[in-house]
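> Every letter in the sequence shown is one number past the one before it in full-length UniProt numbering, and letter 53, counting from 1, is 53. From the three backbone atoms N, C-alpha and C, an ideal C-beta is built for every residue, glycine too. Can you keep this structure in mind? I'll have questions shortly.
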Amino acid sequence: MTFDDQDSAPFTPKCRVIDPAEANWEDRQRPSIPWSNAIIYETHVKGFTQLNSAIPEPLRGTFEGMGHKASVDYIKSLGITSVELLPVHWFPDDQHLLDKGLKNFWGYNSLGFFAPATRYYGPKGIQGFRDMVRAFHDAGIEVILDVVYNHTAEGNELGPTLSFKGIDNFSYYRTMPDQHRYYINDTGTGNTVNTSHPRVLQMVMDSLRYWAESMHVDGFRFDLGTILGREPEGFDQRGGFFDAVTQDPVLAKLKLIGEPWDIGPGGYQVGGFPPGWGEWNDKYRDTVREYWKGDNVTNDFAARLLGSGDLYDLRGRRPWSSVNFITAHDGFTLNDLVSYNDKHNEANGEDNNDGHNDNRSCNYGAEGPTDDEGINAIREQQKRNFLTTLLFSHGTPMLLAGDEFWPQSDGQ
Numbered sequence: 001m002t003f004d005d006q007d008s009a010p011f012t013p014k015c016r017v018i019d020p021a022e023a024n025w026e027d028r029q030r031p032s033i034p035w036s037n038a039i040i041y042e043t044h045v046k047g048f049t050q051l052n053s054a055i056p057e058p059l060r061g062t063f064e065g066m067g068h069k070a071s072v073d074y075i076k077s078l079g080i081t082s083v084e085l086l087p088v089h090w091f092p093d094d095q096h097l098l099d100k101g102l103k104n105f106w107g108y109n110s111l112g113f114f115a116p117a118t119r120y121y122g123p124k125g126i127q128g129f130r131d132m133v134r135a136f137h138d139a140g141i142e143v144i145l146d147v148v149y150n151h152t153a154e155g156n157e158l159g160p161t162l163s164f165k166g167i168d169n170f171s172y173y174r175t176m177p178d179q180h181r182y183y184i185n186d187t188g189t190g191n192t193v194n195t196s197h198p199r200v201l202q203m204v205m206d207s208l209r210y211w212a213e214s215m216h217v218d219g220f221r222f223d224l225g226t227i228l229g230r231e232p233e234g235f236d237q238r239g240g241f242f243d244a245v246t247q248d249p250v251l252a253k254l255k256l257i258g259e260p261w262d263i264g265p266g267g268y269q270v271g272g273f274p275p276g277w278g279e280w281n282d283k284y285r286d287t288v289r290e291y292w293k294g295d296n297v298t299n300d301f302a303a304r305l306l307g308s309g310d311l312y313d314l315r316g317r318r319p320w321s322s323v324n325f326i327t328a329h330d331g332f333t334l335n336d337l338v339s340y341n342d343k344h345n346e347a348n349g350e351d352n353n354d355g356h357n358d359n360r361s362c363n364y365g366a367e368g369p370t371d372d373e374g375i376n377a378i379r380e381q382q383k384r385n386f387l388t389t390l391l392f393s394h395g396t397p398m399l400l401a402g403d404e405f406w407p408q409s410d411g412q
């Protein structure tokens, strides 16, 4: 490491101390939807509200817009029980995106684990988030947050020093044992948060408690969740993080969902999370896609349809442990899944190098939109086949927002 005497103070994000007592939830009850009855709707605050003409223009793209009656009533009309919001922790726009004239839309590069993303603030500021939660709760709908504790926006050794690097770099991040200047990159983002360190684990737990108690959310979906179970010797379902959550009297009662993989050694842990957790089941996603594409996977399809007992029965976990999905924010929408054989990620300036190449998709005769009535009829039927399978399978269904009315993202 080299010493740098440049003053970053004018450019570093600042903190604001707030009074948690301002959030009075004493007379409010959570919906507490049983896992066996849950239907999850994965959505994005801005993406869901920005173009909705039923929402007042000043509220579009904000938490207040998400909690507006037009939003809540629509989601309620779908039969949804639990809204899962893509990351709302404070996050910056990465420099490489700004250089291309782009912004970080999804938010999977958190920095402020105790602060809502101010880009989603409306006229009421932070109170708008609480009002959103109240509106959903009044409608009997849970609010689940997609949280990113596995890495931060500080990147690798060449990335900016914005927070944890400057506080205690070697405690907050996992570094190479023989060269502490370099980071272990089990996340594929440049750094890996060291949740096996007691102070880092405490920070994550304090953050979760803040969102559960002060913001009254009902659960969390943990991005690259395997990272949180990593101890020095590898993934451990009895590790410090899982043990702390299980013993916590508030968090243990909430919905906890793991994305059970990372890119590190032994990172694929579908079926490996502790009892009481739900897991994104990508084996369900892949098998259902293959089956309706015509691949010979009938036996595997039956297993997925009946709750993926091969993954969850061994330790007495219930079928709801399998969070079933056909599509998610990563990759194709449902309409793209039946319209493209290949991905087309040209719009973001990455020359189509990012994203998965193996999408198990089928265009049924034409790449992208077509006027061919026969092809379009097959596509419409296949979309219904996918949604019917999702809703009739044992497990917890998760629907990607918009898939109910067939949007496309041009194969991105």
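So, are the CB atoms of Phe220 and Ile144 less than 9 Å apart?
Yes; because the gap between Cβ atoms is below 9 Å, this pair is in contact.
> Could you tell me the alpha carbon to alpha carbon distance between Gly47 and Pro87, rounded to whole angstroms?
Going from the Cα of Gly47 to the Cα of Pro87 covers about 12 Å.
> Do His96 and Gly107 have their C-beta atoms closer together than 9 Å?
No.
> By alpha-carbon positions, which one of Thr396, Ile167, Lys69 and His44 ends up nearest to Ser53?
Cα-wise, what sits closest to Ser53 is Lys69.
> Using the beta-carbon count (16 or more within 10 Å), is Glu367 buried or exposed?
Exposed, because fewer than 16 other Cβ atoms sit within 10 Å of the Cβ of Glu367.
> Among Asp313, Ala135 and Arg285, which has the Cα closest to the Cα of Asp300?
Of the candidates Asp313, Ala135 and Arg285, the one whose C-alpha sits nearest the C-alpha of Asp300 is Arg285.
> Nearest CA to the CA of Arg130: which residue from Glu373, Tyr210, His44 and Gly365?
Selected option, being the one with the closest Cα: Tyr210.
> In this structure, how does DSSP classify Gly411 when only helix, strand and coil are distinguished?
Note that Gly411 scores 48 on pLDDT, short of 50, meaning its location in the model is unreliable; the coordinates nonetheless yield the value given after this. Looking at Gly411 - three-state DSSP - the assignment turns out to be coil, as it is neither helix nor strand.
> Quick check: the Cα distance between Thr226 and Asp372, rounded to an integer number of angstroms?
Rounded to whole angstroms, Thr226 to Asp372 spans 45 Å at the Cα level.
> Give me whichever residues DSSP pairs with Val17 in a beta bridge.
Paired residues: none, contrary to the question.
> Just the Cα atoms here: how many angstroms apart are Gly411 and Gly316?
Caution is warranted here: a pLDDT of 48 is assigned to Gly411, below 50, making its placement in the model unreliable, and the coordinate value is therefore given only provisionally. The alpha-carbon atoms of Gly411 and Gly316 are separated by roughly 39 Å.
> At a cut of 8 Å, does the stretch 388-402 reach the stretch 29-39 through at least three beta carbon pairs?
Segments in contact, yes.
> Can you name, in chain order, every residue of its own chain whose Cβ lies under 6 Å from the Cβ of residue 470, other than the five neighbours on each side?
Residue 470 lies beyond the range of the chain shown here (1 to 412); nothing can be said about it.
> Answer with buried or exposed for Ser82, where buried requires no fewer than 16 other C-beta atoms within 10 angstroms of its C-beta.
When all chains shown are included, Ser82 counts as buried.
> Which whole-angstrom value describes the C-beta separation of Leu111 and Thr152, a residue pair presumed to lie in contact below a C-beta threshold of 8 Å?
Right, the Cβ-Cβ distance comes to about 6 Å (below 8 Å), so this counts as a contact.
> Comparing C-alpha positions only, which one of Asn104, Pro56 and Asp94 sits nearest to Gly159?
Looking at the Cα atoms, Asp94 is the closest of the given residues.
> Can you pull the DSSP bridge partners for His216?
None, per the DSSP bridge assignment.
> Residues bridged to Val338 by DSSP?
Per DSSP, none; premise fails for Val338.
> For Met176, count the other beta carbons within 10 Å of its own beta carbon; 16 or more makes it buried, fewer makes it exposed. Which is it?
Burial call: exposed.
> Quick check on this structure: which residue in Tyr149, Leu59, Asp73 and Leu78 has the alpha carbon closest to the alpha carbon of Val123?
For clarity, residue 123 is Pro in the given sequence; the question names Val instead. For the residues Tyr149, Leu59, Asp73 and Leu78, the minimum Cα distance to Pro123 belongs to Leu59.
> With DSSP as the reference, please indicate the residues paired to Trp280 in a beta bridge.
Val323.
> Count the other CB atoms within 10 Å of the CB of Pro116; is the residue buried (16 or more) or exposed (fewer)?
That one is buried.
> Compute the Euclidean distance between the alpha carbons of Thr161 and Phe91, then round it to the nearest angstrom.
Computed Cα separation, rounded: 14 Å.
> Would you mind giving the Cβ-Cβ distance between Val288 and Arg304, rounded to the nearest angstrom? I have them listed as a contact below 8 Å.
Yes, they are in contact, since the Cβ atoms of Val288 and Arg304 sit about 6 Å apart, within 8 Å.
> Alpha carbons only, please: which of Phe170, Glu42, Thr192 and Thr118 is nearest the one belonging to Glu64?
Comparing Cα-Cα distances from Glu64 to each of Phe170, Glu42, Thr192 and Thr118, the minimum goes to Thr118.
> Taking buried to mean at least 16 other C-beta atoms within 10 Å of its own C-beta, is Phe113 buried or exposed?
So Phe113 ends up on the buried side.
> Assign Ser32 to one of three DSSP states: helix, strand, or coil.
Looking at Ser32 - three-state DSSP - the assignment turns out to be coil, as it is neither helix nor strand.
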